[in-house]
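Novice: Attaching a single structure in structure tokens format; questions to follow.
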Amino acid sequence: MGIPKNSLHLVMQSKGGAGKSVCSFLLSQYFVDRLGDDSVQLVDTDPNNKTLSSFKGLKVKEIDILTGVGMEKLIDPAKFDIFINDFLDSDKPMVVDTGSGDYLAIVSYFNTNNVINHLIEANKEVYIHCPINFGQSSRDTLHCFVFLATSFPQVKMVAWENEFFGLPSAEKVNLQNLPNYVGAVKLSKRQADTFERDFASILINRLTFEEVRMGLHPQFKFMNIARIARIKNETFEQIDNIFN
Numbered sequence: 003m004g005i006p007k008n009s010l011h012l013v014m015q016s017k018g019g020a021g022k023s024v025c026s027f028l029l030s031q032y033f034v035d036r037l038g039d040d041s042v043q044l045v046d047t048d049p050n051n052k053t054l055s056s057f058k059g060l061k062v063k064e065i066d067i068l069t070g071v072g073m074e075k076l077i078d079p080a081k082f083d084i085f086i087n088d089f090l091d092s093d094k095p096m097v098v099d100t101g102s103g104d105y106l107a108i109v110s111y112f113n114t115n116n117v118i119n120h121l122i123e124a125n126k127e128v129y130i131h132c133p134i135n136f137g138q139s140s141r142d143t144l145h146c147f148v149f150l151a152t153s154f155p156q157v158k159m160v161a162w163e164n165e166f167f168g169l170p171s172a173e174k175v176n177l178q179n180l181p182n183y184v185g186a187v188k189l190s191k192r193q194a195d196t197f198e199r200d201f202a203s204i205l206i207n208r209l210t211f212e213e214v215r216m217g218l219h220p221q222f223k224f225m226n227i228a229r230i231a232r233i234k235n236e237t238f239e240q241i242d243n244i245f246n
């Protein structure tokens, strides 16, 4: 199949702190690495945490798609149409980093306006990438994945299994039984004082893999760069397997 063009990749999770921004960061760089930074569209709609757009090495468009005050947050159709039209007018894949703060509004808007069906009728593929934790928030994150998969059966669902907070239990829901499940990316637990420390540093310093590879930050020496390259390669190979 190959890397899908004409594809929308929504990173969604109702539970805050589940690693959604890390998934967006990795997925965005995957497309940039495989296709080039001018051949992918990156969008950040997170109303509370503009994490993806804070990486200056990535070309990310910020769009505030919510309107309303207090607890009553709704999608602003005019703003939402901006990135949907950008997507429809191009054959470039688009990665959208949504936030837990706009999760309910997006789900409601998609359902009310039949957005997914309209995109598929326009010969677009739609993927939802949903992080799953294996710790205290395991049940909540799994519930969100199943809810999205069953609410939007036409969408291709990708699980991002985040082992940072714990390992999967024997009672883990078998997501492969869902008909629109297409694969998983495992973010494995690694050595805390080497791999995890280095990866945390690139997030804190808002560095891309390419900036680390080029030695643009004094903190990253030979072994640090080698560990980051291993994380990148192992992650990207898993994404390749989903699309091939």
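Going by the numbering used here, the first residue of the sequence shown is number 3, and it counts up by one from there.
Note that the Cβ used here is the ideal one computed from N, Cα and C, for glycine as well.
All figures in this text were calculated on a predicted structure; none of them were measured in a lab.
#1: May I have the straight-line CA-CA distance separating L218 from K94, to the nearest angstrom?
#2: Please say whether N164 and L144 have beta carbons closer to each other than 8 Å?
#3: What number of angstroms, rounded off, separates the C-alpha of F197 from the C-alpha of I230?
#4: Write down every uninterrupted run of the beta strand (DSSP E) in the stretch 119-148 whose length is 3 residues or greater and which is fully enclosed by it, in chain order.
#5: Could you check which residue in V34, V45, I122, C25 has the C-alpha nearest to that of V157?
#6: Below 8 Å CB to CB, which residues in the same chain sit around I227 once its five sequence neighbours on both sides are set aside?
#7: For the putative contact between T100 and L12, defined by C-beta atoms under 8 Å, what is the C-beta separation to the nearest angstrom?
#8: Assign L180 to one of three DSSP states: helix, strand, or coil.
#9: S23 to T53, Cα distance in whole Å?
#10: By Cβ distance, which residues of its chain are closer than 7 Å to I204, with the 5 residues on each side in sequence left out?
#11: Would you report the Cα separation of I5 and F147, rounded to the nearest angstrom?
#12: Quick one: grab the DSSP three-state call for Q43.
#13: Return the chain-ordered list of same chain residues with a C-beta closer than 7 Å to the C-beta of S16, the five sequence neighbours on each side being excluded.
#14: Using CA atoms only, rank isn't needed, just tell me which of D46, N182, S26, F238 is closest to I84.
#15: Taking only the alpha-carbon atoms, compute the straight-line gap between K75 and K81 and give it to the nearest angstrom.
#16: Just to confirm my understanding: we take E127, look at its own chain, exclude 5 residues before and 5 after, and list those with CB closer than 8 Å. What are they?
#17: Give me the Cβ distance between V184 and I244, rounded to the nearest whole Å; I'm assuming they're in contact under 8 Å.
#18: Over the uninterrupted alpha helix (DSSP H) stretch that includes N243, give me the two end residues.
#19: So what does DSSP say about A172, is it helix, strand or coil?
#20: For my contact list, F33 and V98 are in at a C-beta cut-off of 8 Å; report their separation, rounded to the angstrom.
#21: Alpha carbon to alpha carbon, what distance is there between Q240 and K223?
#22: Could you tell me the alpha carbon to alpha carbon distance between T237 and L28, rounded to whole angstroms?
#23: Name the two residues that bound the continuous beta strand (DSSP E) containing S9.
#24: When DSSP builds the beta bridges, which residues end up paired with V187?
#25: From P181 to I86, what does the alpha carbon distance come to, in whole angstroms?
Specialist: Working from what's here:
#1: As a first step, residue 218 is located in the sequence shown; it is residue number 216 there, counting from the start. As a first step, residue 94 is located in the sequence shown; it is residue number 92 there, counting from the start. When rounded, the distance between both Cα atoms is 29 Å.
#2: As a working note, residue 144 is residue 142 in the sequence shown. As a working note, residue 164 is residue 162 in the sequence shown. In this structure, N164 does not lie closer than 8 Å to L144 by Cβ.
#3: As a working note, residue 197 is residue 195 in the sequence shown. As a working note, residue 230 is residue 228 in the sequence shown. Distance between the alpha carbons of F197 and I230: 7 Å.
#4: Correct list: 127-135.
#5: Residue 157 sits at position 155 when you count from the first residue of the sequence shown. Of V34, V45, I122, C25, the smallest CA-CA separation from V157 is found for I122.
#6: To locate residue 227, count along the sequence shown from 1; it is residue 225. Excluding positions up to five away in sequence, the list reads V214, R215, G217.
#7: Translated into the one-based positions of the sequence shown, residue 100 becomes position 98. Translated into the one-based positions of the sequence shown, residue 12 becomes position 10. Yes, T100 and L12 are in contact; Cβ-Cβ is about 6 Å, under 8 Å.
#8: Counting from one through the sequence shown, the residue named residue 180 turns up at place 178. In the structure shown, L180 sits in coil (DSSP, three-state: anything other than H, G, I, E or B).
#9: Taking the first residue of the sequence shown as position 1, residue 23 is located at position 21. Taking the first residue of the sequence shown as position 1, residue 53 is located at position 51. Approximately 6 Å between the Cα atoms of the pair.
#10: Residue numbering aside, residue 204 sits at position 202 when the sequence shown is read from its first letter. Excluding residues within five positions, the ones whose Cβ falls inside 7 Å are V214, I230.
#11: Counting from 1 along the sequence shown, the entry for residue 5 is found at position 3. Counting from 1 along the sequence shown, the entry for residue 147 is found at position 145. CA-to-CA, the gap between I5 and F147 works out to about 23 Å.
#12: For this step, residue 43 is matched to residue 41 along the sequence shown. In the three-state reduction of the DSSP assignment, Q43 falls in the strand class.
#13: On the sequence shown, residue 16 is found 14 positions in, with the first residue counted as 1. The residues are S102, Y105, C146.
#14: Taking the first residue of the sequence shown as 1, we reach residue 84 at position 82. Among D46, N182, S26, F238, the Cα nearest to that of I84 belongs to D46.
#15: Here residue 75 refers to the residue found at position 73 of the sequence shown. Here residue 81 refers to the residue found at position 79 of the sequence shown. Cα to Cα, K75 sits roughly 14 Å from K81.
#16: To locate residue 127, count along the sequence shown from 1; it is residue 125. These residues qualify, in order along the chain: P6, N8, S9, L10, K158.
#17: Counting from one through the sequence shown, the residue named residue 184 turns up at place 182. Counting from one through the sequence shown, the residue named residue 244 turns up at place 242. So it is a contact: roughly 6 Å between Cβ atoms.
#18: In the sequence shown, residue 243 corresponds to position 241, counting from 1. For N243, the enclosing alpha helix (DSSP H) begins and ends at 224-245.
#19: Taking the first residue of the sequence shown as 1, we reach residue 172 at position 170. For A172, the pLDDT reaches just 48, beneath the cut-off of 50, and the residue's location in the model is therefore unreliable, although a value from the coordinates is still provided. Annotated three-state conformation of A172 is coil, per DSSP.
#20: Taking the first residue of the sequence shown as 1, we reach residue 33 at position 31. Taking the first residue of the sequence shown as 1, we reach residue 98 at position 96. The beta-carbon separation of F33 and V98, rounded to 12 Å, does not stay under the 8 Å limit for a contact.
#21: To locate residue 223, count along the sequence shown from 1; it is residue 221. To locate residue 240, count along the sequence shown from 1; it is residue 238. K223 and Q240: Cα-Cα distance of roughly 26 Å.
#22: Taking the first residue of the sequence shown as position 1, residue 237 is located at position 235. Taking the first residue of the sequence shown as position 1, residue 28 is located at position 26. Spanning the two alpha carbons is a distance of roughly 8 Å.
#23: The residue you call residue 9 lines up with position 7 of the sequence shown. Counted as a single uninterrupted DSSP element, the beta strand (DSSP E) harbouring S9 occupies residues 9-13.
#24: Reading the sequence shown from its first residue, position 185 is the one you call residue 187. According to DSSP, V187 bridges with W162.
#25: As a first step, residue 181 is located in the sequence shown; it is residue number 179 there, counting from the start. As a first step, residue 86 is located in the sequence shown; it is residue number 84 there, counting from the start. Whole-angstrom Cα-Cα distance: 26 Å.
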